[in-house]
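A.B. asks: Residue numbers (this note's numbering): 577 to 827.
A virtual CB, placed ideally from N, CA and C, is assigned to each residue, including glycine.
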């Protein structure tokens, strides 16, 4: 007997649905209020050297406002050791007392040493409201533990930037084929810049070459060694792309 095509398709789809072994969608962080937390924002995701997925995010407690307007932002983490099928419970990894906030986490994985670097921006609303500090901490065990945050503001900015609106951009930086660690830093008064390390994060430096126009950005190394910066545009419907063939000396 001939089976009408439409019934065959329906039965086939039902059979396929029953055979679907994909895990259900999991919400790692929510932008909606959750208990005492107003929202989670600005996620970053990397794969650690042992294959662990590390996801970090802002935990914005009193409101969803950004760093300058928020007295209580923590950084939280979830990890997966089975390629994202299951995830650990939420863990707070940066938590200062109220009035001191940490925001905009980003990461770089050093393939040579196995170190995972986590960068964030910091503000003390009670002592220096409006002054942005730039910090880094690291993990040498694939995200299980983290070092005490280190302030690197003086290494990657200039003295006359002290009161400027400046921040390390969210997401992640990169490690080049030669082993350099490179990341993006925005000063809304002085322009987009890169900063980096040639000694696997023991010290950091500013590449003092403004990249304009530019705002929140990401940097990658293309297959031919060219560095590409992809930046948010201030107008709707476009982004800026900058290319450098000499490791950021010119664009």
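(1) Is it true that the CB of residue 794 sits closer than 8 Å to the CB of residue 747?
(2) For residue 735, count the other beta carbons within 10 Å of its own beta carbon; 16 or more makes it buried, fewer makes it exposed. Which is it?
(3) In three-state terms, what does DSSP make of residue 826?
(4) Tell me where the beta strand (DSSP E) around residue 700 begins and ends.
(5) Output the boundary residues of the alpha helix (DSSP H) element that contains residue 760.
(6) Residue 648 and residue 677: beta carbons closer than 8 Å?
(7) Would you be able to state if there are at least three C-beta pairs under 8 Å between the segment 621 to 633 and the segment 653 to 661?
(8) In the DSSP assignment, what are the bridge partners of residue 884?
(9) What alpha helix (DSSP H) runs, 4 residues minimum, are completely inside the segment 702 to 761?
(10) Can you name the start and end residues of the beta strand (DSSP E) that residue 772 belongs to?
(11) Would you say the segment 758 to 766 touches the segment 781 to 792, given that touching needs at least three Cβ pairs under 8 Å?
(12) Out of curiosity, what's the CA-to-CA distance linking residue 523 and residue 725?
C.D. replies: Well, looking at it:
(1) Taking 8 Å as the Cβ cut-off, residue 747 and residue 794 qualify as a contacting pair.
(2) Residue 735 comes out exposed.
(3) Reduced to three states, the DSSP call for residue 826 is coil.
(4) Segment 692 to 700, the beta strand (DSSP E) holding residue 700.
(5) Element bounds for residue 760: not the alpha helix (DSSP H) but the beta strand (DSSP E), 757 to 763.
(6) Yes.
(7) Enough Cβ pairs lie closer than 8 Å, so yes.
(8) The displayed coordinates of the chain run from 577 to 827. Any statement about residue 884 would go beyond what the structure contains.
(9) Runs found: 729 to 732.
(10) For residue 772, the enclosing beta strand (DSSP E) covers residues 767 to 773.
(11) Counting Cβ pairs under 8 Å, three or more are found: they touch.
(12) The structure shown does not extend to residue 523, since the chain is modelled only from 577 through 827, so no value can be given for it.
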